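See below for the structure under consideration.
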Amino acid sequence: MSIRDTFFYINIRDYLALGNDNEAGEPMLDRVLSGFSCPKNPDVERFLKKSAVEFAKKNQSVTYLVFSVESKELLGYFTLALKPLTVRGEMVSNTMKRKLLRVSELDEKSDTYTMSAYLIAQLGKNYANGRNKKITGKELIELAWTVIEDAQYMLGGMVTFLEAENEEKLLSFYRDNRFSQFDTRQTLSAAEEPHELVQLLRLL
């Protein structure tokens, strides 16, 4: 059975395109988003409720809401974007370098490969009323991957990446889903304290 027989996703732009229509437009979207809860990761919930719509309007990223085919409940979401990406040659294998070279610009002096890449910017399950138990993280990534594959078919490209907290359980989950670490990046937390994000990529 295909994953699309169990779940379906809606691009939030489909709601926004209908304007202020109370039954299907932005007011409906607001009601749908209000039913999302992610106490395990408040940043995931905050992004969906506070930033996802604005980012979509500005073309910075696009968020997809994932529902159950059977119950029509909101089970989770993922957010995708196109971003420039630079990979240091010293961090990847020679095989990976050859593949990256097909879609990137090589700076031989710094041994870096720069390209446009698909970013999985957010990924989260809805914990409201136990709905998180109705979808796995693997299924959520698989759904995001179907959108990326569709985009790749139409536009080209080969690299997808994401950034994750440096927690072994989380990194193991992404490795199990065919992502490989290629670097780290320092960023500021909500408390303005620097912390490290691990960068992982997967080739289409």
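Reading the sequence shown from the start, the letters are residues 1072 to 1275 in this note's numbering. Ideal Cβ placement from N, Cα and C applies to all residues, glycine included. What you are looking at is a predicted structure, and each value in this text was computed from that prediction instead of being measured.
The C-beta separation of V1133 from R1084 comes to about 6 angstroms, placing the pair in contact by the 8 angstroms criterion.
In the DSSP annotation of this structure, K1196 is not part of any alpha helix (DSSP H); the continuous beta strand (DSSP E) holding it starts and ends at 1183-1196. In the three-state reduction of the DSSP assignment, G1160 falls in the helix class. A check of alpha carbon separations from K1128 across E1097, E1144, P1110, T1157 identifies E1097 as the nearest.
Note on geometry: alpha-carbon atoms of R1256 and V1140 lie some 38 angstroms from one another. In this model, Y1135 and G1160 are separated by some 33 angstroms (Cα to Cα). With a 10 Å radius around the Cβ and a threshold of 16 neighbouring Cβ atoms, M1186 comes out buried. Within the same chain, no Cβ atom closer than 8 angstroms to the Cβ of L1226 is found once the five residues on either side in sequence are excluded. Per DSSP, E1097 is one residue of the alpha helix (DSSP H) stretching across 1097-1105. By alpha-carbon distance to S1105, the top candidate from L1153, R1117, N1112 is R1117. Residue pairing by DSSP puts G1147 in a beta bridge opposite V1137, K1196. With a contact defined as Cβ atoms closer than 8 angstroms, V1137 and I1206 qualify at about 7 angstroms. V1115 sits close to G1195, with the two beta carbons spaced by under 8 angstroms. Just so you know, the alpha carbons of E1176 and Y1184 end up roughly 6 angstroms apart.
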